[in-house]
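Numbering follows numbering that gives the first Met the number 0, with no gaps: position 88 of the sequence shown is 87.
Glycine residues also receive a C-beta, built at the ideal position from the N, C-alpha and C atoms.
Predicted model, so just to flag it, every value in this text is computed and none were measured.
A quick write-up on the structure given underneath.
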Amino acid sequence: MGERKGQNKYYPPDFNWRTHKTLNSYHGVHALRERGKKADGCNNHIGMSVRYNAEKKVGMYYTTPLYEFRMKCHLCDNYFIIRTDPKNFDYELVEGVRRQEIRFDPSTIDNLAPVDRTMSLKLASDAMFKTEHTVEDKQKLAGDDQRIDKLEWIQSRLYDNFGANSALRSVFRTERNALTERR
């Protein structure tokens, strides 16, 4: 049974077990794409977290390793290169792919905490702006009190798992008995 694990695996002529150790390390790295992109060659959307067998090159940014991945598009024959950018905490698109611009307005999500970095910096530096902003946040919160109370009431109703389950089972049992009597 142990011999079947070693069979049916192709070892290329340039594979050296001393340098590569395993076939996975020989073939390269699975690089997960971080967000949606469009390939330049076929102009198709490449979704988030698509796995690729990538050729990896390593450099250094101070003490942080820089990785550069060269991948072949699965929809066409073009290659694209993505490099990590530890300075800006992002990926740098070097060649063959462009970023798909999806923007949203942070004010539309009714969030109490600031989403924009400039907004948080302004809140930290300007005391008057922070006071005005806290007043607006309190007004938003006062308007949402009824909604929060209703959600807490719904959650408290469903807190008793045994009681909710037994009530649901009794309703299903009566419906099942009524259906069997009709047949």
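DSSP links F79 through a beta bridge to M70. For the 7 Å CB-CB criterion, E91 and R82 form a contact.
Collapsing the DSSP output to three states places E174 in a helix.
G95 counts as buried, since no fewer than 16 other beta carbons sit within 10 angstroms of its beta carbon.
The alpha-carbon separation between G46 and D39 amounts to approximately 14 Å. Exclusion of the five residues before and after A163 leaves L157 as the residues of its chain whose Cβ lies within less than 7 Å of its Cβ.
Check the Cα spacing between H44 and each of D13, S124, H73, I153: the tightest is with H73. Residue pairing by DSSP places D84 opposite D89 in a beta bridge. Around the beta carbon of F79, 16 or more other beta carbons sit within 10 angstroms, so the residue counts as buried. Burial state of F88 is exposed, judged by a 10 Å Cβ sphere holding fewer than 16 other Cβ atoms.
Under the three-state reduction of DSSP output, L65 falls in the strand class. Apart from the 5 residues on each side of it in sequence, D84 sits with its Cβ closer than 7 Å to the Cβ of Y90, E91 in its chain, given in chain order. For R97, the uninterrupted beta strand (DSSP E) segment begins and ends at 96–98. Rounded to the nearest angstrom, the Cβ distance from K121 to F128 is 6 Å, consistent with a contact under 8 Å. When DSSP states are grouped into helix, strand and coil, K20 belongs to the coil group.
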